[in-house]
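Just so we're aligned, residue 1185 is where the sequence shown starts under the numbering used here, counting upward by one.
Idealized CB from N, CA, C, for every residue including glycine.
Read through the structure below, which is laid out as structure tokens, and then see the notes.
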Amino acid sequence: MTRTLLIPLCLIALAVSDASLAQETQTPPPTDQTQTTPPAGTDTTDSDQPAATIEEDATASPDSPAATEDDADQPAAVAEEATPDTAAPEATDDTATAAEDNQPAAVTDDTTTETTQTEAPDSPATEDDQPAEAAGETTPDSEATTDSAATTDQPADAAEEAAEPSAAATEDGAADAATASDDTAGTETEAEGDAPSDAVAAAPQPEVGADWPFYGGDAGATRYSPLDQINRENVAQLERVFTYHTGDLPEGEAVGMYSPETTPLKVGDDLLICSAMNVLISVDAATGEENWRYDPGVPNEAIPYGATCRGVTLYTDPEAAEGDACATRVIEGTLDAKLVAVDAATGAPCEDFGENGTVDLWQDLGERVPGWYAVTAPPVVVRGVVVTGAQVLDGQAEDSPSGVIRAYDVRTGELAWAWDLGAPEANRDGPPEGEVYTRGTPNMWTTAVADEELGYIYLPMGNSAVDYYGSNRSEQENEYATSLVALDATTGEEVWHFQTVRHDVWDYDLGSQPSLIDFEGTPAVVLASKQGDIYVLDRATGEPLTPVDEITDLPQGDVEPDYIADSQPISTWHTLRKPPLEEKDTWGFTPIDQLWCRIKFRQANYEGYMTPPSADKPWIQYPGYNGGSDWGSVAIDTERGIMIANYNDIPNYNQLIPREQADEMGLKPIDEVESRAGAPEGAGDPQTGSPYGINVNAGWRSELTGMPCSSPPYGGIRAIDMATGETLWDRPIGTARRNGPFGIPSFLPFDIGTPNNGGSVVTAGGLVFIAAATDNLFRAIDIETGETLWSTVLPAGGQANPITYEVDGRQYVMVTAMGHHFMETPVGDEVIAWALPEE
1185 MTRTLLIPLC LIALAVSDAS LAQETQTPPP TDQTQTTPPA GTDTTDSDQP
1235 AATIEEDATA SPDSPAATED DADQPAAVAE EATPDTAAPE ATDDTATAAE
1285 DNQPAAVTDD TTTETTQTEA PDSPATEDDQ PAEAAGETTP DSEATTDSAA
1335 TTDQPADAAE EAAEPSAAAT EDGAADAATA SDDTAGTETE AEGDAPSDAV
1385 AAAPQPEVGA DWPFYGGDAG ATRYSPLDQI NRENVAQLER VFTYHTGDLP
1435 EGEAVGMYSP ETTPLKVGDD LLICSAMNVL ISVDAATGEE NWRYDPGVPN
1485 EAIPYGATCR GVTLYTDPEA AEGDACATRV IEGTLDAKLV AVDAATGAPC
1535 EDFGENGTVD LWQDLGERVP GWYAVTAPPV VVRGVVVTGA QVLDGQAEDS
1585 PSGVIRAYDV RTGELAWAWD LGAPEANRDG PPEGEVYTRG TPNMWTTAVA
1635 DEELGYIYLP MGNSAVDYYG SNRSEQENEY ATSLVALDAT TGEEVWHFQT
1685 VRHDVWDYDL GSQPSLIDFE GTPAVVLASK QGDIYVLDRA TGEPLTPVDE
1735 ITDLPQGDVE PDYIADSQPI STWHTLRKPP LEEKDTWGFT PIDQLWCRIK
1785 FRQANYEGYM TPPSADKPWI QYPGYNGGSD WGSVAIDTER GIMIANYNDI
1835 PNYNQLIPRE QADEMGLKPI DEVESRAGAP EGAGDPQTGS PYGINVNAGW
1885 RSELTGMPCS SPPYGGIRAI DMATGETLWD RPIGTARRNG PFGIPSFLPF
1935 DIGTPNNGGS VVTAGGLVFI AAATDNLFRA IDIETGETLW STVLPAGGQA
1985 NPITYEVDGR QYVMVTAMGH HFMETPVGDE VIAWALPEE
């Protein structure tokens, strides 16, 4: 689950001081109402580390892998007031301090760990009408900011602010399989078997460049574009080209529950978008004019933690003739648990897919409870099947819907296979009649990635249905939770799995989409984690290609000491995790506030990284469940050999609630309540079936001011040399302009580093484009220095991944500004594109 914590911030002096210190380079420590409507006209305007002991484990990676859990976005701890901004003073450049060697060396691999070798199986658009207040605002972290276009007929409540590449190479071969022995920490590889079936041949994959055909840009999800028309020399000249409004804004019980996180695809001349409530839309990529829209009729009651649709998937049938209906189809998963397929050209449902274009994912899951099971991430198409997981609402009950992963024929919608980790063979073709998939198992709420040539799909798994208590979990849950699992996409059989947390009771599910790259001649998968560790694994075998060690002598706690793992895997190649907190790290807006936080620190259990849950008093979890890395994922410039990782750096303050007390508090699971409120995930969850409920203070916010009790920066962005794993530069991301005590914006332009949700795009032009932070700014950063070269104010929160594409020789960069209820940024419905002025 992702829950993002926004954080109000700071005394000017403290902010400046802390931000200044933070800019030093960090070195990582050792109903089915469906309707197709005609296009609604869109008006556009032109240009305008830990106390425990670390032991070297040269032969291993973490041992039993685990599945990722649900993705409910958690609230950012920063309060954001929806009042118009006043112009902020121009600030000094928010450059990052570069590491001594600022240029990454060529990618070489001299750090691969040894492993035992065994054979592996083989809205209607509205007119641009930019608010005057925001049009002339100068953004605080850019010397030159231009944005001359007006926005299309912006709704008043959503228009709070307005502003002023060859595809990444991924090698598809497979190396010899290897696996760690059972008694070491590491990858588990299935016994000998056949190579992936060729019943469905590998299909050519669309390339990134003029198009952005996949959620992650290219098939390998590197988020790298070979486009370079916009570069470091001219990026300051960017101007807004158009703003498109989806028209999807929260109403009724959905108010306070919107977190769209939407990333469009661009193919040919069209942008393909899903709105928060799963309305599918096609828009002209050069003008923002709507082509068509299709509303699957998702009801508000289906919203789980938040109304989220991160993206859609595109499939072109190689056997279809030109002009055939649904020759190219757009596929999405919905909040009410359906797979929907429509014709990319018209928006009409693909009648040959499931029942009139819809597959019911509630089938074989048990009682239908709206909001308990929802799809928020784009599915993945590989070898002729479309594969999806789902979010299972966290913290409700051990007896929850299954986390089963299912694949369906991409043309017909028929079930191809199911991977139910509780009964992988028995339920491969679905459970026997009258039965359901194994209840309560870990789920995959985030986005997978697939190697079409190899025929494998890589699943970042989450945790079990109850996050903070594990003694009741099955052996299979313990083995697969919080693991990256590789499945043969043609059969659904497991190939290998790699676990990042053993016996996870911290909600450290894998939220990031993995990336596929060539690492020193070996096809590899890059995996970033919430706890900060970044791993590079052999795609074919799961063996680590970079060093993985063990941290030992970990605290066991008093609640379930026989369950808590006494050791955990860590990446010694690179981690985003910072050293353990100390009492002196507590912070406050005033001395009284800081004193309050110091008292709270002393009242809590804290023994460093992996401090186990406690019931007698609170415990501090650091890093918190927002990361590290989350669903925004990393971006990798495969030409320069640089990885860009933005991250959160803030603790949670949690406490288990004994069952009798939880019952007295009236904590009940979703299937026993009549209505729900959009409270932060974990903030009073029943965990029915276990001895404890849970209360989570996400971001450890002071009860006095709503400010965090830890010191800034609370979020950053870092460049990493892929050859060595060394930090090239590291800097805070996010200013204090929208944040402050008691939810009052401070308008301070200083980079204090805010919590952030969403990722970046890197380009051949040497740029990193990113929004994500809670200050509502969209930035272009120099990939080699970390300096902000351009920024602009968004009309709503930019918690989404950007894209870049080309139409008729003109490069565009785009991000959706739709806000995020848990990040406490204003909600909107805008899809905004920028480009250089036309000559």
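Check, Outcome
"The region 1571-1579 / the region 1618-1636 touching (three or more Cβ pairs under 8 angstroms)", "yes"
"Test item: CB-CB of F1703 and L1729 under 7 angstroms", "yes"
"Residue burial classification, K1714 (beta-carbon count within 10 angstroms, cutoff 16)", "buried"
"Span separating the alpha-carbon of T1938 from that of S1696", "19 angstroms"
"CA nearest to the CA of W1913, picked from R1921, A1903, M1441, A1907", "A1903"
"Per DSSP, the bridge partner or partners of D1527", "R1513"
"Nearest-angstrom beta carbon gap, A1665 and V1991 [assumed within contact, 8 angstroms]", "Going by Cβ atoms, the distance from V1991 to A1665 rounds to 44 angstroms, so no, they are not a contact pair."
"First and last residue of the uninterrupted alpha helix (DSSP H) at N1662", "1659-1664"
"Length of the line joining the Cα atoms of T1295 and P1731", "Bear in mind that the predicted position of T1295 carries a pLDDT of just 36, short of 50, making it unreliable; the figure below should be weighed with that in mind. C-alpha separation (whole angstroms): 6 angstroms."
"K1768 classed as buried or exposed, judged by whether at least 16 other C-beta atoms fall within 10 angstroms", "exposed"
"Residue range of the alpha helix (DSSP H) that includes A1784", "For the record, residue 1784 in the displayed sequence is Lys; it is not Ala. Where K1784 is concerned, the enclosing alpha helix (DSSP H) stretches over 1775-1787."
"Reduced DSSP secondary structure (H/G/I, E/B, other) of F1398", "strand"
"T1447 vs Y1499 beta-carbon contact at 7 angstroms", "no"
"Presumed contact (8 angstroms Cβ cut-off) between G1726 and V1689, rounded CB distance", "Between V1689 and G1726 the Cβ distance is about 24 angstroms, and since that is not below 8 angstroms, they are no contact."
"Sequence-distant residues of its chain with Cβ nearer than 6 angstroms to D1800 (five each side left out)", "none"
"Three-state secondary structure assigned by DSSP to T1972", "strand"
"Run of the alpha helix (DSSP H) containing E1848, from where it starts to where it stops", "1843-1848"
"CA nearest to the CA of P1410, picked from D1613, A1558, T1947", "T1947"
"Per-residue burial, P1745 [other beta carbons within 10 Å of its own, 16 or more giving buried]", "exposed"
"Minimum length 4: unbroken alpha helix (DSSP H) runs contained in the region 1744-1832", "1775-1787"
"Reduced DSSP category for P1892 - H, G, I as helix; E, B as strand; rest coil", "strand"
"For M1794 and E1417, the rounded distance between their alpha carbons", "45 angstroms"
"Distance, I1701 Cα to V1945 Cα", "16 angstroms"
"N-terminal and C-terminal residue of the beta strand (DSSP E) that P1916 is part of", "1911-1916"
"6 angstroms CB neighbourhood of Q1547 in its chain, flanking five on each side removed", "none"
"N1540, buried or exposed, once every other Cβ within 10 Å from all chains shown has been counted against 16", "exposed"
"Residue range of the unbroken beta strand (DSSP E) whose run includes N1484", "That residue, N1484, is in no beta strand (DSSP E); it is neither H nor E in DSSP."
"Coil, strand or helix - A1403 by DSSP", "coil"
"Supposed close pair P1397, V1439 - CB separation, criterion 8 angstroms", "Contact flag wrong, Cβ pair sits at about 35 angstroms."
"7 angstroms Cβ shell around E2023 - same chain, five flanking residues per side excluded", "none"
"Residue span of the beta strand (DSSP E) that contains Y1428, given as start and end", "1423-1429"
"Cβ pair count under 8 angstroms reaching 3, the region 1906-1922 against the region 1419-1431", "no"
"Spatial distance of P1615 from L1549 (CA atoms)", "10 angstroms"
"Coil, strand or helix - F1953 by DSSP", "strand"
"7 angstroms CB neighbourhood of E1823 in its chain, flanking five on each side removed", "A1948"
"Selected residue, minimal CA-CA separation from G1950, among A1829, R1994, D1635, E1971", "E1971"
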